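Following: one structure in structure tokens, then a few remarks.
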């Protein structure tokens, strides 16, 4: 008993330590974003100070940053829409296809994700300049499709596998065509999967930095790249960097809270057996 | 009850198992007539291909050989003229009972008021009026299966195919459901093909009982049950010599007696 208690204690201590390590930079970022420039450079670092919203106000009044924030939102939402429209029906096809078809498609889809992004950047840069997709939001959405599509295919195939065959057969017997049974029966049953997958895609597109840095020059710059612009030749505006970091974090945090609800909720209850 | 509703001739069906995706011959050389307005039970040893027969008639599986006719027309695909009651109920969890029952009508584009009126009628027949606004997870297994029957009947199918519908409910509920099914069926007199592994159930419910051989399934014998419907309650059947004799005969056939195989 005593030994077990001690083991549990050690595990808890480790978890707390891990949490502190994970949260420390975030807390530091938050503190930094609330300090004035002078306070930010104080040494030893100030832990007690009067929080100021000056950095956030500066961001809100900065037209270029707000535009990049809007860009991020449009690009991420567009990526999710594209990935779902293309990926969800494809995943259903894979789920109901032959075993060989399924293995080939899923493995090859994964391989596109395994290759390091750097491999694609130069060819895509050249290509985008030629076809006029450079510095466009749509261009970035298309690139992000490469990375999010395998995610959609893998997760949604698993969710579609779980949809009981009888419900589909029952829909057919009820006189439903393939589209009716897909939209009215199968899709609602896979709803928890749809929600979770969409949010994972959103977070990926929202956080992506490398491609945005190279392929967006001025008009299509998303928020993560905009932060870099605060690191200018004249010096880095740390307060603004920190505030925009917190700013970008917020939507992801919100979505992560939503994800939990979707993942935990098993809509399947009562569909099959007791 | 004289003209065949469904004609099965020299039917052969292959079955591809879901996990290992292997092919099995489930049915071979099966010939059987299902008469208009009759209640035909199909009994046979477990795994003999009874459910495969339902799938083939419903149109989920394509026969490898032989013919499968509904009113003289070949069966090619699933359709609303053949309703199926599944063992697993197959109700949509996010729709209420009445919406589940009205689903087929909705898919056909019937306006809401009309389809709810029809659904209401079948809920009355199946004693479910009280449960109309409930969701499937609030119901017991027996009630869910009654909803499934109501849902199938609401589509006014020409044939109702029932695939071991009562296998998942407890013994007492099953007896009640069997008695109720007879009562419901007498009101609609739709042609029923009822597949079961329970010999008692088959004899209790059927006008005739078709006994299949072990896999690959073919027809072994048809036993006519001439016990009047009015007498078919479990209270009476448990001690009815005619019922017991028929049950024992079918049981013997299922367990391997009767012919040379």
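Protein chains in written order, with the numbering used here: chain E, 1 to 274; chain F, 1001 to 1261.
Backbone N, C-alpha and C define an ideal beta-carbon position, used for all residues, glycine too.
Remember, it's a predicted structure, so these values are computed and weren't measured experimentally.
Residue i, enclosing alpha helix (DSSP H) - first and last residue
i                       : result
residue 1043 of chain F : From DSSP, residue 1043 of chain F is part of no alpha helix (DSSP H) but of the beta strand (DSSP E) over 1039-1043.
residue 1024 of chain F : No alpha helix (DSSP H) holds residue 1024 of chain F; the beta strand (DSSP E) holding it covers 1023-1035.
residue 214 of chain E  : 210-215
residue 120 of chain E  : 118-131
residue 144 of chain E  : 137-162
residue 1052 of chain F : 1050-1058
residue 221 of chain E  : From DSSP, residue 221 of chain E is part of no alpha helix (DSSP H); its letter is neither H nor E.
residue 1177 of chain F : 1171-1188
residue 1117 of chain F : 1112-1125
Contact set for residue i: own chain, Cβ-Cβ below 8 Å, skip 5 residues either direction
i                       : result
residue 1159 of chain F : 1005, 1006, 1034, 1057, 1070, 1081, 1082, 1083, 1190, 1191, 1192 and 1193
residue 1052 of chain F : 1013, 1015, 1026, 1027, 1061 and 1217
residue 1251 of chain F : 1199
residue 247 of chain E  : 56, 59, 69 and 223
residue 1139 of chain F : 1097, 1131 and 1147
residue 1093 of chain F : 1135, 1136 and 1137
residue 209 of chain E  : 224 and 225
Alpha carbon of residue i to alpha carbon of residue j, nearest angstrom
i                       : j                       : result
residue 59 of chain E   : residue 98 of chain E   : 53 Å
residue 245 of chain E  : residue 89 of chain E   : 36 Å
residue 944 of chain F  : residue 1210 of chain F : Because chain F is modelled from 1001 through 1261, residue 944 of chain F falls outside the range shown and cannot be assessed.
residue 154 of chain E  : residue 95 of chain E   : 10 Å
residue 1213 of chain F : residue 1219 of chain F : 6 Å
residue 1182 of chain F : residue 1109 of chain F : 31 Å
residue 110 of chain E  : residue 1143 of chain F : 45 Å
residue 133 of chain E  : residue 117 of chain E  : 18 Å
residue 286 of chain E  : residue 149 of chain E  : Not covered by the structure: residue 286 of chain E. The range shown for chain E is 1 to 274.
residue 271 of chain E  : residue 1091 of chain F : Low local confidence applies: a pLDDT of 42 at residue 271 of chain E is under 50, so the model's placement there is unreliable, and no value is given.
residue 162 of chain E  : residue 1173 of chain F : 29 Å
residue 1241 of chain F : residue 164 of chain E  : 43 Å
residue 13 of chain E   : residue 38 of chain E   : 36 Å
residue 1169 of chain F : residue 82 of chain E   : 45 Å
residue 1149 of chain F : residue 6 of chain E    : 58 Å
residue 1166 of chain F : residue 1232 of chain F : 17 Å
residue 1047 of chain F : residue 1197 of chain F : 9 Å
residue 232 of chain E  : residue 51 of chain E   : 25 Å
residue 87 of chain E   : residue 106 of chain E  : 12 Å
Residue i CB to nearest heavy atom of the ligand FAD below 7 Å
i                      : result
residue 130 of chain E : By its list of ligands, the structure shown contains no ligand whatsoever, and the ligand FAD lies outside what it can speak to.
Minimum Cβ-Cβ distance from residue i to chain F less than 8 Å
i                      : result
residue 175 of chain E : yes
residue 103 of chain E : no
residue 269 of chain E : Low confidence applies here, because residue 269 of chain E scores a pLDDT of 37, under 50, leaving its location unreliable and the question unanswered by this model.
Residue i at chain E interface by Cβ criterion, 8 Å
i                       : result
residue 1121 of chain F : no
residue 1150 of chain F : no
residue 1166 of chain F : no
residue 1049 of chain F : no
residue 1205 of chain F : no
residue 1078 of chain F : yes
residue 1108 of chain F : yes
residue 1238 of chain F : no
residue 1006 of chain F : no
residue 1037 of chain F : no
residue 1155 of chain F : yes
9 Å Cβ cut-off: residues of chain F touching residue i
i                      : result
residue 187 of chain E : Those do not exist, as residue 187 of chain E stays about 11 Å from chain F at its closest Cβ, beyond 9 Å.
residue 192 of chain E : None at all; the shortest Cβ gap to chain F is about 12 Å.
Neighbouring residues, chain E, relative to residue i (Cβ below 7 Å)
i                       : result
residue 1090 of chain F : 166, 167 and 170
residue 1194 of chain F : Per Cβ cutoff of 7 Å: no residues; residue 1194 of chain F is ~16 Å from chain E at best.
residue 1127 of chain F : Here the premise fails: no neighbours, minimum Cβ distance about 20 Å.
Chain-ordered neighbours of residue i on chain E, where CB pairs are closer than 9 Å
i                       : result
residue 1058 of chain F : 169, 172 and 173
N- and C-terminal bounds of the beta strand (DSSP E) containing residue i
i                       : result
residue 1066 of chain F : 1065-1070
residue 1162 of chain F : 1159-1163
residue 1082 of chain F : 1082-1085
residue 85 of chain E   : Counting along the chain, residue 85 of chain E falls outside any beta strand (DSSP E), though it belongs to the alpha helix (DSSP H) covering 63-96.
residue 1014 of chain F : 1004-1016
residue 1191 of chain F : 1191-1196
residue 1224 of chain F : 1219-1224
Under 8 Å by beta carbon: chain E residues contacting residue i
i                       : result
residue 1084 of chain F : 169, 170 and 173
residue 1185 of chain F : Those do not exist, as residue 1185 of chain F stays about 18 Å from chain E at its closest Cβ, beyond 8 Å.
Beta-carbon proximity list for residue i, same chain, < 6 Å, skipping 5 on both sides
i                       : result
residue 1054 of chain F : 1161, 1163 and 1195
residue 78 of chain E   : 141
residue 1003 of chain F : 1036
7 Å CB neighbourhood of residue i in its chain, flanking five on each side removed
i                       : result
residue 1023 of chain F : 1014 and 1016
residue 128 of chain E  : 134, 139 and 215
residue 1185 of chain F : 1039 and 1192
residue 1068 of chain F : 1008, 1011, 1056, 1057, 1074 and 1075
residue 125 of chain E  : 214 and 215
residue 49 of chain E   : 35 and 39
Against chain A: residues of the segment 1094-1106 of chain F by CB proximity under 7 Å:
In the structure shown, chain A cannot be found, because the protein chains are E and F.
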